[in-house]
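Going down the list, the protein sequences come from chains A and B. According to this note's numbering, numbering within the first sequence proceeds without interruption in unit steps and concludes at 188. According to this note's numbering, numbering within the second sequence proceeds without interruption in unit steps and concludes at 188. Cβ coordinates follow ideal geometry from the N, Cα and C atoms, glycine included. Notes to accompany the following structure.
2 protein chains.
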Amino acid sequence: MLQPDVTYAITEAVIDELADHGFGRLSMEAVSKRAGVGKSALYRRWRSKDEMIGAVIAEFSLARAVDPDTGSLRGDIRATLEALYGWIAHPRFSRIFPGLIAEARQNPAMAEFAREAIGGPRRAINRAVFTRAIERGEIPADTDIEMALDMGAGIVYWRLIVRGIPAEEGYLDQVTDLVVRALRA
Amino acid sequence: MLQPDVTYAITEAVIDELADHGFGRLSMEAVSKRAGVGKSALYRRWRSKDEMIGAVIAEFSLARAVDPDTGSLRGDIRATLEALYGWIAHPRFSRIFPGLIAEARQNPAMAEFAREAIGGPRRAINRAVFTRAIERGEIPADTDIEMALDMGAGIVYWRLIVRGIPAEEGYLDQVTDLVVRALRA
DNA sequence: AACGGACGAGACGGTGCCGTCTCGACGCCA
DNA sequence: TGGCGTCGAGACGGCACCGTCTCGTCCGTT
């Protein structure tokens, strides 16, 4: 019925508009213009602006973390950080994510969506890295896995997004060292 | 000339509006109504909405980190994390900060302001904790101080703000342990 | 008592946007 | 060939807001 390529163009336009102007300043007119599409095409697909943004973000966030299982804690952490970096530094997502967090603090529905669709799945996957390391005896059985996850994501996010400073050569290796050292008591 | 208590009421209203609705959705009408003030009082003080927001944020962010100097790395880190927590978990600032970060990624002027007025001074103060620890020989001389700073702030920010999960009893002690362990090679 | 400046309230023109609607064009299926 | 549904474009009424402006009031100074 509805043309898939029109839907695709709209989705792209929404993401680009979010990246350029943020959640609070996204307008349907700008989206339709950017997509080269009539406003009717938007309202034929979603009932309102909020519904449209929700649907697009949900679809865009399907990219997931991967569980490496390299056989060693260091190897797993390095690979996990690599995937995390690719996610956080993604040229479009990195510009949308802070706005999403800000929006989530004012809009409980967005907060729940972020937790359910993004945070939860990613953490579940990454947790396996540390449970395997415990089984291998590389780190203590009472290791605080939740804090270990916060550590990896937090260090990288704080530098790249909050401070806005790009990674330099060997950065992820240094973060890997730091995390491994913190966990090996 | 201008009534200080009117200025104060406006400043408070701007902060509350930012916390409730974010940067993109702040309106002068809402601010004037919230402050119980005419719109003319706003434009008598600032030339535009952007100028007003900039001035208010700048003034609000004067709260600074403190340099503890307890004599030990652990004590200094613990005290620094305490101050950091008070800042990040501040009931109003915690709701404004994510919006500020999002805004900074779209508005270079806001990015520079955030770096100059907030990030720079805080980091300069906290850096002293680690230079003292190096002088005392508690940690290696080639310790990556910048990453140590990112670690403390990142872990706490990721949990409290990005994930939106409050700290539980003993949380800061656990973070302190983790940071100390990571730095002592 | 008289003056002046800041005050609250809100009217005003102008702009940007939402969501609805109409229009003619195009493509597909019978 | 005719009919139907989506298409791009954009007009439309309504609303929220910006920044300016005009009131009449209040308060401190002289």
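Just the Cα atoms here: how many angstroms apart are B:Ala112 and B:Ile104? 12 Å
Counting only runs that start and end within the region 53 to 118 of chain B, where is the alpha helix (DSSP H) found for 4 or more residues in a row? 76 to 91, 96 to 107 and 111 to 117
Given this structure, state the Cα-to-Cα distance separating A:Ile121 from B:Ala127, to the nearest angstrom. 34 Å
Assumed close pair B:Phe146, B:Ile80 - CB separation to whole angstroms, cut-off 8 Å: Just to set this straight, residue 146 of chain B is Thr in the shown sequence, not Phe. About 13 Å; that fails the 8 Å criterion.
Examine chain B for any beta-carbon lying closer than 8 Å to the beta-carbon of A:Phe26, and answer yes or no. yes
At least one CB of chain B closer than 8 Å to the CB of A:Leu181: is that the case? yes
Can you find the residues in the same chain that come closer than 6 Å, C-beta to C-beta, to B:Ala136, ignoring five residues on each side of it along the sequence? Leu76 and Ile142
Taking the C-alpha atoms as reference points, what is the distance between A:Leu175 and A:Ile56? 33 Å
For B:Gly157, name the three-state secondary structure that DSSP assigns. helix
Within 8 Å of any Cβ in chain A, is that where the Cβ of B:Trp90 sits? no
Three-state secondary structure (DSSP) of B:Met4: coil
Selected residue, minimal CA-CA separation from A:Gly78, among A:Val40, A:Val132, A:Met31 and A:Trp49: A:Val132
Do you know whose CA, among B:Trp161, B:Gly155, B:Leu152 and B:Ala156, lies nearest A:Ala3's CA? Limits of chain A in this structure are 4 at one end and 188 at the other, which puts residue 3 of chain A out of reach.
Using the Cα positions of A:Val59 and A:Arg118, report the straight-line distance between them to the nearest angstrom. 16 Å
Cβ neighbours of B:Val183 in the same chain (closer than 8 Å, five flanking residues each side left out): Leu76, Arg77 and Ile80
Residue from A:Gly25, A:Arg48, A:Glu32 and A:Ala33 whose Cα sits closest to the Cα of A:Asp8: A:Arg48
Given that A:Gly167 touches chain B, what residues does it touch there, using C-beta distances under 8 Å? Ala107, Arg108, Ala114 and Arg118
For A:Gly89, collect the residues of the same chain with a Cβ closer than 8 Å to its Cβ; drop the 5 residues on either side in sequence, then sort them by chain order. none
Does any CB atom of chain A fall closer than 8 Å to the CB of B:Pro101? yes
Contact with chain B by A:Ala185, beta-carbon distance below 8 Å: yes
Of the residues A:Phe100, A:Leu84 and A:Ala16, which one's Cα is nearest the Cα of A:Leu181? A:Leu84
Could you work out which residue in B:Val17, B:Gly102 and B:Ala38 is closest to A:Ile164 when comparing CA atoms only? B:Gly102
Taking 8 Å as the CB-CB cut-off, is B:Asp72 touching chain A? no
Report yes or no: is there a C-beta of chain A within less than 8 Å of the C-beta of B:Trp49? no
So the alpha helix (DSSP H) A:Phe26 belongs to, where does it begin and stop? Per DSSP, A:Phe26 belongs to no alpha helix (DSSP H) and is neither H nor E.
Verify the CB distance criterion: does B:Arg162 have a CB-CB separation below 8 Å to chain A? yes
Beta-carbon spacing of A:Ile18, A:Leu45 below 8 Å: no
Hey, A:Ala68 and A:Ala82: beta-carbon distance below 8 Å or not? no
So B:Ala22 and B:Arg95 are supposed to be a Cβ contact under 8 Å. How far apart are they, rounded? 5 Å
Name, going along the chain, the residues of the region 126 to 143 of chain B whose beta-carbon falls closer than 8 Å to a beta-carbon of chain A. none
Thinking just about the alpha-carbon of each residue, which of A:His24, A:Thr10, A:Asp70 and A:Leu29 is nearest to the one in A:Ser43? A:Thr10
Mind pulling the chain A residues with CB within less than 7 Å of B:Met31? In chain order: nothing, as chain A lies at least about 15 Å away.
On the DSSP letters alone, give me the boundaries of the alpha helix (DSSP H) that B:Ile168 sits inside. Here B:Ile168 belongs to no alpha helix (DSSP H), and DSSP marks it neither H nor E.
By how many angstroms is the C-alpha of A:Leu29 removed from the C-alpha of A:Ser35? 11 Å
Measuring only between beta-carbons, confirm whether B:Ile158 sits less than 8 Å from chain A. yes
Which first and last residues belong to the alpha helix (DSSP H) in which B:Asp176 is found? Tyr174 to Leu186
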